[in-house]
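**Q** Pasting in a structure now, in structure tokens, and then I'll have a few things to ask.
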Amino acid sequence: MVTAMTERIASIPIWTRVRNISLLAAAVGTALCGLGYAIVPAQFHQSYLVAFVYWWQLTIGLLGLSLLYQMVGGRWGHASRPFFDSGVALLPAVSLAYLPLAFGLHDLYVWTAVGFFEDIPHSHNRAWYLRTPFFLGRTTSYLAITSILGAVVSRRTLRPIETVSHTTRPRLGGLAAVIVAMVVSFAAFDWLMSLEPEWYSTMYGFLMATGGLLTGLCVVAASLAITVRALSIAPQRIGTPLHDVGKLLLAFLMLWTYVAFSQYLIIYSGNLPTETIYYKHRLTGGWQWLAVILVAFHFALPFGALLSRRAKMNCMSLGVIAIGIAAIHVVEIFWLVAPAFHKEGFALHWLDVVLWMTGGAWWVTGFAWQVNRRLPLALVNWPVPPNESDEKQE
């Protein structure tokens, strides 16, 4: 039974079709991106930043989910682990994708100009911190740390399931989670918050982290839906893990909303010009409509849908909800980044769309390839662990 099922996955992989289609899209998109760079290099770097942050954040979110499973265990994590690790294994490649941004800092950050901080009072510490060599050194450390962690965490699902211990490692997972949280926070401060160096928020890193967990779990839910339908797995076998993933998705959606709204509420209540200017740029000039879209489609609609138990236990409905949240999340990244370059009003360039889709096509290509490597090895006891002892901690 197990052998036949494993051969079925290897010979009729839905993920192979996904990989082939996304690879073709990636090739076409890369050609368009090259054309865009030749025509408008400054816009290319600005659009590239949006795309890179989105796909890096999503990948880091999968790393965070994998570490969460290491700490707490659960059937949701056992079913999801092949997809966690398939995404986490891409961290070295995603990190290398930062290179074009390293050569375009002058198109992104106003503080790279000589003497920028001279006329800004009380800016000595920021002038010291925001130096190009130091900035690139920190970025290198962020990418190196997460790539190493990703390689260590993801290697387990490359071994046959019989040789893998299903016990959790809460101490190891907890320590790694703290490191990842610090890296994500400082990366958010450097890559995004420093686009407007006179503004700061202590919640910015937390917002980045919660967004990554949310979009990462969306990828897991959608991947579960695709795989379950391809394998014709009985609903009663996948129902509980799927429901658990759906409940977690609802929880992370509420957490992301809480963090985003809390940051806005604190700044609104403080009413300090140096802080409110950030939201003034994002709630005027046409940018306010993106905020409306986020409230409606990134919170209200999926929140209402995920309140339904039936929606959370149905792989198709949960997959559609998850894909919708992940797709609309790019609007948030665009809303955070683009107004820093277009304070005069809303502006959308075709490179904003093409670079995000091209990055996504390459990411999905690698993800599908990794799933094809890992899922057959995990299929013996998938999607649920063999017995209750698998969920006990060491």
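This note's numbering applies: residue 4 is where the sequence shown begins, and numbers increase by one.
We put the CB at the ideal spot given by N, CA and C, even for glycine.
Could you round the C-beta distance between A233 and C318 to whole angstroms and report it? I think they count as a contact, below 8 Å.
**A** Position 230 of the sequence shown, counting from 1, holds the residue named residue 233. Position 315 of the sequence shown, counting from 1, holds the residue named residue 318. Not quite, the Cβ-Cβ distance comes to about 11 Å (not below 8 Å), so this is no contact.
**Q** Using 8 Å for Cβ pairs, my map puts L309 next to I331. What's the rounded Cβ distance?
**A** Residue mapping note: residue 309 aligns to position 306 of the sequence shown, counting from 1. Residue mapping note: residue 331 aligns to position 328 of the sequence shown, counting from 1. Rounded, the Cβ-Cβ distance is 14 Å, inconsistent with contact.
**Q** Look at the alpha carbon of P244 and the alpha carbon of A191, and state the distance between them as a whole number of angstroms.
**A** Within the sequence shown, the letter at position 241 stands for residue 244. Within the sequence shown, the letter at position 188 stands for residue 191. If I take the Cα positions, the gap works out to 32 Å.
**Q** According to DSSP, simplified to helix, strand and coil, what is G118?
**A** On the sequence shown, position 115 is the one that residue 118 refers to. Note: G118 maps to coil in three-state DSSP.
**Q** Would you check if the segment 201 to 210 and the segment 275 to 284 touch, i.e. whether three or more CB-CB distances between them fall below 8 Å?
**A** yes
**Q** Are the CB atoms of L26 and L66 nearer to each other than 8 Å?
**A** Translated into the one-based positions of the sequence shown, residue 26 becomes position 23. Translated into the one-based positions of the sequence shown, residue 66 becomes position 63. No, these two residues do not count as a Cβ contact at 8 Å.
**Q** Does the pairing of the segment 331 to 340 with the segment 288 to 300 give three or more beta-carbon distances under 8 Å?
**A** yes
**Q** Just checking my contact of G176 with M74 at CB under 8 Å: how many whole Å lie between their CB atoms?
**A** The sequence position of residue 176 within the sequence shown is 173, counting from 1. The sequence position of residue 74 within the sequence shown is 71, counting from 1. Their Cβ separation, rounded to whole angstroms, is 4 Å, which keeps G176 and M74 in contact under 8 Å.
**Q** Between the C-alpha atoms of V333 and Y57, what's the straight-line distance to the nearest angstrom?
**A** For the purposes of this step, residue 333 is taken as the residue at position 330 of the sequence shown. For the purposes of this step, residue 57 is taken as the residue at position 54 of the sequence shown. Going from the Cα of V333 to the Cα of Y57 covers about 6 Å.
**Q** Among the candidates L258, F87 and L68, whose CA atom is the shortest distance from the CA of P173?
**A** Mapped onto the sequence shown, residue 173 falls at position 170. In terms of Cα proximity to P173, the closest of L258, F87 and L68 is L68.
**Q** Buried or exposed: where does I270 fall if 16 or more other Cβ atoms within 10 Å of its Cβ makes it buried?
**A** To locate residue 270, count along the sequence shown from 1; it is residue 267. Answer is buried; the Cβ neighbour count reaches 16.
**Q** Could you tell me the boundaries of the alpha helix (DSSP H) in which M74 lies?
**A** As a working mapping, residue 74 is identified with position 71 in the sequence shown. Counting along the chain, the alpha helix (DSSP H) containing M74 begins and ends at P44 to V75.
**Q** If you draw a straight line from the alpha carbon of A371 to that of R22, how long is it in whole angstroms?
**A** Taking the first residue of the sequence shown as position 1, residue 371 is located at position 368. Taking the first residue of the sequence shown as position 1, residue 22 is located at position 19. A371 and R22: Cα-Cα distance of roughly 5 Å.
**Q** The alpha helix (DSSP H) with D193 in it runs from where to where?
**A** Reading the sequence shown from its first residue, position 190 is the one you call residue 193. Residues P173 to W194.
**Q** Cα-Cα, which of R313, A34, M196 and S157 is closest to P85?
**A** Position 82 of the sequence shown, counted from the start, is the residue given in the question as residue 85. Comparing Cα positions, the closest option is S157.
**Q** For A41 and S265, what's the separation of their Cα atoms in angstroms?
**A** Against the sequence shown, residue 41 aligns to sequence position 38. Against the sequence shown, residue 265 aligns to sequence position 262. Straight-line spacing of the CA atoms in A41 and S265 works out to 41 Å.
**Q** Taking the continuous alpha helix (DSSP H) assigned at D88, which residues delimit it?
**A** Along the sequence shown, read from residue 1 onward, the residue named residue 88 stands at position 85. R78 to V91 is the extent of the alpha helix (DSSP H) around D88.
**Q** For the alpha helix (DSSP H) containing N128, name the first residue and the last one.
**A** The residue labelled residue 128 in the question sits at position 125 within the sequence shown. First-last of the alpha helix (DSSP H) with N128: H127 to Y132.
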